[in-house]
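Keeping their order, the protein sequence lines are chains A and B.
Reading the first sequence from the start, the letters are residues 145 to 305 in the working numbering.
Reading the second sequence from the start, the letters are residues 430 to 712 in the working numbering.
Backbone N, C-alpha and C fix where the C-beta goes; we use that ideal spot for every residue, glycine too.
Since we're looking at a predicted model, the values are computed, not measured.
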Amino acid sequence: MVNLVKMDLIELAVNGEKRLVMARPADTLLHVLREQLGLTGSKPSCKNGDCGACTVLIDGQPIKSCLMLAVEALGHEITTIEGLKDSPIQRAFIDKFAFQCGYCTSGFIMNCHALSVIHPDAGDETIREWLQSNLCRCTGYEEITEAIKSVLAQEPKENNG
Amino acid sequence: MIPFDFAYYQPSSLAEAGGLFAELAAQGKEPMYYAGGTEIISFSRLYQLFPRAVIDIKKIAECNMLEQKNGKLVIGAAKTLSQIQESNVFPLLSWCSGRVADHTMRNKITLGGNICSRIPYREAVLALLVSDSEIIIWGKQGLKKVGLNQVFHQTLLLEPGEIVVQLVIDQEVTRVPFTSTKQTMDGLVHYPQDRIGYPVVSIAALKKKNQINFAFSGVCSFPFRSTEVESFLNNPSLPWDEKIHQVAEKLPAEIINDMEGSADYREFVLKNMLSDIVKRLEG
Ligand SMILES: Cc1cc2nc3c(=O)[nH]c(=O)nc-3n(C[C@H](O)[C@H](O)[C@H](O)COP(=O)(O)OP(=O)(O)OC[C@H]3O[C@@H](n4cnc5c(N)ncnc54)[C@H](O)[C@@H]3O)c2cc1C
Ligand code: FES
Ligand code: FES
C-alpha cells in the first residue's frame, strides 16, 4: 500500500531515470516536474484539463499532468517532452510549420507521439478525436494534422483498416 | 497548485479502504475516495473542495474488473472511460462515455467518478440508466447489489463511506437497438471525434420489447430517467409529434437556463433530438 501522509521523498521514473523528489501528497505531477525537476517543457496553462499544454505520457498513454498527483505516478513510467529525442513527430512539426508561439507544442507533440505509437494505422477520425484534447491559439490546426499524418504515413503498417 | 494539504492513501482492498475512511472521518479529515482524481484536483485547486485525506481506489482489484460472465457484463468503477470505450463491450456506454471531455481526459476520468460527480452532466450514467443496470456498492454491511434506477435520484444516493465497486449490465441489453445524441454549444456530437464540451442536451435511448427507454442530461440540473416522461412518450394512443410537442410539461424539474443555452433553446434542441431519435428507432 502506498501512503503519503505528508511532504516526503518519493522516487519517480522520469524519462528512463529514477528521480528523487520532495513532494506534498497534494502536489500535481505538473508542479513537481517543473518546480522540482526543472522539466519545464510540460506547460501550465488552464490547469483545468481543458488545454492539453501539460500533456505527458504515463506508461505510453497521454495524460494531462495538471490533473494527476505526483504520488499517483509512483510505479509508472513518465515521459515528458525532454525525454523525446529526434522523434519523427518533432521533425514533422518543424517540416510542416506546425507551431508559431510554441506554447502548446510540447503537449501536442506528446499526444501525437503517443498516437503514432499506439495507433500507427490511425485514420482521419482517430486523429481528429485525439487532437481534440489539445488547444492551439496560433495555428489553424491544419499544419499539426499534416505533421501527424506525415509521421503516420512513414510508419510500417500491419493493418491498414 | 492545490492550496492546502491532504494525505494520500492507496489501499488494496475494499475493507482496508472502508476502514481508512471510517478512521479518517472520525479524525475530522473529511476523507474522499479518489478515482481519476480529475474532479477532486480541479475543485480543490479552486477551493471548492477541502478533503484532508484522499483514498485512492485504483489499486482495488474488484474496482478494476472488466469481464463478461454468465450473461452479465461487469465493469469496475475504476475503469477509465477510454478503457470502456475501447473495449466496446457495451456500445451505448461507449458512445455516452466517448463523448465525455476529450480523449486524453478520458484516459483518467473513471466510470465511478463520472457517476459520483458533482457536476450536473454525468453523461456515462445515461447508458446505465436506460439499460436498467445494477450497481454493486461496498458499505459497512459488506457488498450490496441494487438497481441503479433505485438509487440514482438526481444523484447517486450513497451513505458516507460507501464505495461504488462495479456496474453490472445484462448482456442481452447490450445487443438491443439504441441511439444516443449530444449537442454542445458548438453543434451536434454524434461521434467522439465530432466536438467536445458540456452538453446543451444529451440523450441516450434504447429500444427494449417495443418500448423506448430514454435518459437525459443537460435538460435539468441533473441527469435523469423519468417514469413519467417515459410512459408519456411510450403511450401508443398519441402520435409521436404530439407527444414530443408536449414533453416539456412532463419533465421532472425546470429546464436549465444559463449562458450555454437558454431554457427555450434547450427545449427546442430536446424536441428536435427526440424526433430524430424516434425516427432512428421506430423507422
Ligand atoms: C476537462 C474536463 C471536461 C469534462 N467534460 C465532461 C463532459 O463532457 N461530460 C461529463 O459528463 N463530464 C465531464 N467532466 C466531468 C467528469 O466526468 C467528472 O468530473 C468526473 O467526476 C471525473 O471522474 P474522476 O474519476 O476523475 O473523479 P474523481 O475526481 O476521482 O472523483 C469525483 C467524485 O466521485 C467520487 N468517487 C469517485 N469514484 C468513486 C467510487 N468508486 N465510489 C464512491 N465515490 C467515488 C469522489 O469521492 C468524488 O466525490 C469533465 C471534467 C473535466 C476535468
Ligand atoms: S494546463 Fe493541463 S490541461 Fe491545461
Ligand atoms: S503555437 Fe501558439 S498556442 Fe499553439
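Contacts that residue i makes with chain A (C-beta to C-beta distance below 7 Å)
i: B/HIS532; result: GLU273, TRP274, GLN276 and SER277
i: B/ILE625; result: GLN276
C-alpha distance - residue i paired with residue j, whole-angstrom precision
i: A/SER277; j: A/CYS195; result: 7 Å
i: B/ASP561; j: A/LYS240; result: 50 Å
i: B/SER704; j: B/LEU453; result: 51 Å
i: A/GLY193; j: B/PRO665; result: 45 Å
i: A/ASP171; j: B/GLN456; result: 23 Å
i: B/GLY465; j: B/ALA490; result: 15 Å
i: B/GLU459; j: B/GLU711; result: 49 Å
i: A/GLU287; j: A/LYS229; result: 21 Å
i: B/GLY626; j: B/ASP531; result: 8 Å
i: B/GLU696; j: A/LEU211; result: 34 Å
i: B/ILE470; j: A/GLN244; result: 31 Å
i: B/ALA446; j: B/TYR462; result: 8 Å
i: A/GLU221; j: A/ARG281; result: 30 Å
i: A/LEU218; j: A/LYS162; result: 11 Å
i: B/GLY571; j: A/TYR247; result: 50 Å
i: A/TRP274; j: B/THR533; result: 7 Å
i: B/ILE684; j: B/LEU699; result: 10 Å
i: B/TYR438; j: B/GLY448; result: 12 Å
Contact test: residue i Cβ vs ligand 3 heavy atom, cutoff 7 Å
i: A/THR283; result: yes
i: B/CYS525; result: no
i: A/PHE241; result: no
i: A/CYS245; result: yes
Cβ-heavy atom distance, residue i to ligand 1, below 7 Å
i: A/CYS248; result: no
i: B/LYS488; result: no
i: B/ILE431; result: no
i: B/ILE684; result: no
i: B/ASN642; result: no
i: B/MET461; result: yes
i: B/VAL593; result: yes
i: B/ARG551; result: yes
Beta-carbon proximity list for residue i, same chain, < 8 Å, skipping 5 on both sides
i: A/ILE271; result: LEU259, THR289, ILE292, LYS293 and LEU296
i: A/VAL176; result: LEU156, VAL165, ALA167 and ALA214
i: B/ARG709; result: THR608
i: A/GLU216; result: LEU173
heavy atom of ligand 2 below 7 Å from residue i C-beta
i: A/GLY193; result: yes
i: B/PRO628; result: no
i: A/CYS198; result: yes
i: A/LYS208; result: yes
i: A/CYS280; result: no
i: B/ASP666; result: One detail in the question is off: residue 666 of chain B reads as Ser in this sequence, not Asp. False, no ligand heavy atom lies under 7 Å from that Cβ.
i: B/SER471; result: no
i: B/CYS715; result: Because chain B spans 430 through 712 in this model, residue 715 of chain B falls outside it and cannot be assessed.
i: A/CYS190; result: yes
Contact list for residue i against chain A, beta-carbon separation under 8 Å
i: B/GLY447; result: Here the premise fails: no neighbours, minimum Cβ distance about 14 Å.
Same chain, Cβ closer than 6 Å to residue i, five either side skipped, listed in chain order
i: A/GLY160; result: none
i: B/ILE431; result: SER473 and ARG474
i: B/LYS574; result: GLU563 and ILE565
Test item: CB-CB of residue i and residue j under 8 Å
i: B/GLN595; j: B/ILE504; result: yes
i: A/PRO169; j: A/LEU156; result: no
i: A/ILE253; j: A/ILE225; result: yes
i: B/ARG654; j: B/ASN578; result: yes
i: B/GLY541; j: B/VAL593; result: yes
i: A/LEU201; j: A/THR184; result: no
i: B/GLN612; j: B/VAL630; result: yes
i: B/TYR550; j: B/GLY647; result: yes
i: B/PHE581; j: B/VAL559; result: no
Partners in chain B for residue i, counting only beta-carbon separations shorter than 9 Å
i: A/GLU216; result: TYR437, GLN439, TYR463, GLY466, ASP485 and LYS487
i: A/THR199; result: THR533
i: A/PRO206; result: HIS532, THR533 and ASN536
Chain A contact residues for residue i, given Cβ-Cβ distances below 9 Å
i: B/SER471; result: LYS191, ASN192, GLY193, CYS210 and LEU211
i: B/ASP434; result: LYS150, MET151, ARG168, PRO169 and ALA170
i: B/ARG474; result: THR172, LYS191, ASN192 and CYS210
Partners in chain B for residue i, counting only beta-carbon separations shorter than 7 Å
i: A/HIS175; result: MET430
i: A/VAL146; result: GLN439
i: A/GLY196; result: THR533
Cβ-based neighbour list, residue i, same chain, cut-off 7 Å, excluding 5 preceding and 5 following
i: B/GLN600; result: GLN497, GLY500, LYS501 and LEU502
i: A/ASN304; result: Residue confidence for A/ASN304 is low, a pLDDT of 41 falling below 50, so the modelled location carries little weight and cannot support an answer.
i: A/PHE237; result: PHE243, THR249, ILE253 and ALA291
i: B/SER516; result: LEU495
i: B/SER523; result: ILE513, GLN514 and ASN517
Contacts of residue i in chain B (Cβ-Cβ under 8 Å)
i: A/ASN159; result: Correct list: empty, because the minimum Cβ distance to chain B is about 19 Å.
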